[in-house]
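At position 49 of the sequence shown (counting the first as 1) the number is 51 in the working numbering, and the numbers step up by one without a gap.
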Amino acid sequence: MSVFIIAEAGVNHNGSIDIAKKLIDVASDAGADAVKFQTFKAKDLVSKIAQKAEYQKKTTDKTESQFDMIKKLELDARTHEDLISYCKSKYIIFLSSPFDIDSINFLNDLGLEVFKIPSGEITNLPYLREIGKLNKKVILSTGMANIDEIQDALDVLISEGTKKENITVLHANTMYPTPMKDVNLKAMITIGNKFDIAFGYSDHTLGIEVDIAAVAMGAQCIEKHFTLDNTFEGPDHRASLEPDELKSMIKAIRNIEKALGNGIKKPSSSESPNIQVARKSIVAKTKIKKGDILNEKNLTIKRPGNGISPMRWDKIVGTIASKNYSEDELI
């Protein structure tokens with residue numbers, strides 16, 4: 003099964019539908035399976051006195067509240083419909099993370115088949131129940147969560163009617179950007195083993211190497227932020243890939259998918275012709291006459307490999323030559 007790659011536009015559209023469409027273009031051209039936005043109403047998401055995260059203070063106006071920052075990044079109903087239609091024209095799946103129950107129902111009414119639960123909602127019981135009862139495919143991010151919290155969230159989703167086989171759990175770290183020492187990619191394997199569930203990785207590191215490593219470790223889904231320009235003002239641009247980087251990441255992931263293979267150890271079709279060239283055979287070390295005893299003095303091992311295998315050396319030594327051999331002739 004191919005790795006499901008989500009190009010996370012998030013709020014990097016800066017409130018502009020034109021930028022949002024350019025982001026869709028970039029994701030489609032890069033070969034992503036889906037492009038993901040965020041669906042929320044600022045008034046339902048944060049209080050007007052809520053503080054920004056430290057990384058947000060560094061990338062946006064320090065004097066601006068979290069509410070005012072987020073309010074500018076809302077996408078209204080008509081914009082959602084427009085972007086869904088545009089995604090269809092670009093043959094890429096439209097996804098959006100809902101941040102409240104009204105947004106869940108709104109996205110369901112729009113026909114979304116996959117629901118992405120952001121890390122911050124993993125302990126939101128009413129929210130989890132609402133998504134769980136939709137019986138859709140669910141991708142659950144687990145930033146800031148421990149194993150017990152993941153277990154609780156899965157229990158809610160499944161008890162409400164979502165099939166376990168329709169859930170993918172993403173290991174994540176919510177620091178933008180995530181320091182390499184905090185990635186803890188092995189925890190992704192722990193999640194997969196603990197819950198016997200499809201797993202993947204939602205990445206907020208700089209660069210693409212951790213995503214490639216995650217795929218090599220078995221990730222079935224990769225989510226990565228991207229932007230048109232990481233010097234844009236906004237909370238997430240600096241920790242996002244630029245278009246060429248996104249394209250490089252996806253190309254690398256697709257190559258790793260091919261390279262992982264089927265796990266069966268045998269000569270590949272491309273290397274099979276090299277067997278004769280690189281392997282060796284038992285050959286005559288000197289001239290040998292018919293009737294001579296073949297021994298370590300008149301036999302040696304040389305390329306090519308289309309004669310008797312040197313693994314049969316012990317069976318050949320001590321036998322009688324059935325014909326004359328010249329030097330280097332295959333026995």
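No residue lacks a Cβ here, since even glycine has one placed at the ideal position from N, Cα and C.
Using 8 Å as the threshold, is the region 23 to 36 in touch with the region 47 to 65, meaning 3 or more CB pairs across them?
As far as the Cβ criterion goes, the region 23 to 36 does not touch the region 47 to 65, which means the pair count is below three.
For V116, write down the residues that DSSP places opposite it in a beta bridge.
Mapped onto the sequence shown, residue 116 falls at position 114. Beta-bridge pairing links V116 to K139.
Between the alpha carbons of L187 and H173, how many angstroms are there, rounded?
Mapped onto the sequence shown, residue 187 falls at position 185. Mapped onto the sequence shown, residue 173 falls at position 171. Cα-Cα distance, rounded: 8 Å.
Report yes if the C-beta distance between F39 and L112 is below 9 Å; otherwise report no.
To locate residue 39, count along the sequence shown from 1; it is residue 37. To locate residue 112, count along the sequence shown from 1; it is residue 110. No, they are not a contact pair.
Kindly confirm or deny that the region 115 to 129 and the region 144 to 151 touch, where touching means at least three C-beta pairs closer than 8 Å.
In short, these stretches touch, since the Cβ pair count reaches three.
Ordered list of beta strand (DSSP E) runs contained in the region 66 to 118, each at least 3 residues
Those beta strand (DSSP E) runs which fall completely within the region 66 to 118 and span 3+ residues are 95 to 100.
Decide if the region 271 to 284 is in contact with the region 99 to 109; the criterion is three or more beta carbon pairs, one per stretch, under 8 Å apart.
With a cut-off of 8 Å on Cβ pairs, the region 271 to 284 is not in contact with the region 99 to 109, counting fewer than three such pairs.
What does the Cβ neighbour count give for Q53, buried or exposed, with the cut at 16 atoms within 10 Å?
Along the sequence shown, read from residue 1 onward, the residue named residue 53 stands at position 51. So Q53 counts as exposed.
Under three-state DSSP, which class holds V5?
One-based indexing of the sequence shown puts residue 5 at position 3. The answer is coil: DSSP assigns V5 none of H, G, I, E or B.
Between N107, I258, T164 and I152, which has its C-alpha nearest K135's C-alpha?
The residue labelled residue 135 in the question sits at position 133 within the sequence shown. The option with the nearest alpha carbon to K135 is T164.
According to DSSP, which residues form a beta bridge with F42?
Within the sequence shown, numbered from 1, the residue matching residue 42 stands at position 40. In DSSP, F42 forms no bridge with anything.
Expressed to the nearest angstrom, what Euclidean distance is found between the alpha-carbon atoms of P306 and S283?
Here residue 306 refers to the residue found at position 304 of the sequence shown. Here residue 283 refers to the residue found at position 281 of the sequence shown. Cα atoms of P306 and S283: separation of roughly 6 Å, rounded to the nearest angstrom.
Proximity to T207 [Cα-Cα], best of I191, R240 and K196
If you number the sequence shown from 1, residue 207 lands on position 205. Minimum Cα-Cα distance from T207 among the listed residues I191, R240 and K196 corresponds to R240.
Tell me which residue opens and which closes the alpha helix (DSSP H) that K260 is part of.
Locating residue 260 in the sequence shown gives position 258, where the first residue counts as 1. Boundaries of the alpha helix (DSSP H) around K260: P245 to L262.
Apart from the five residues on each side of it in sequence, which residues of its chain come closer than 6 Å, Cβ to Cβ, to T61?
Along the sequence shown, read from residue 1 onward, the residue named residue 61 stands at position 59. Closer than 6 Å at Cβ, skipping near neighbours: P237 and R240.
Among the candidates I95, P120, I94 and S91, whose CA atom is the shortest distance from the CA of S105?
To locate residue 105, count along the sequence shown from 1; it is residue 103. Comparing alpha-carbon positions, the option among I95, P120, I94 and S91 lying closest to S105 turns out to be P120.
Name, in chain order, the residues that DSSP records as bridge partners for D205.
The residue labelled residue 205 in the question sits at position 203 within the sequence shown. DSSP lists K226 as the bridge partner or partners of D205.
Minimum C-alpha distance to K287 - residue among I152, I72, E167 and I303:
Here residue 287 refers to the residue found at position 285 of the sequence shown. Of the candidates I152, I72, E167 and I303, the one whose C-alpha sits nearest the C-alpha of K287 is I303.
Starting from I210, follow the beta strand (DSSP E) in both directions and report where the run begins and ends.
On the sequence shown, residue 210 is found 208 positions in, with the first residue counted as 1. Per DSSP, I210 is not a residue of any beta strand (DSSP E), being assigned neither H nor E.
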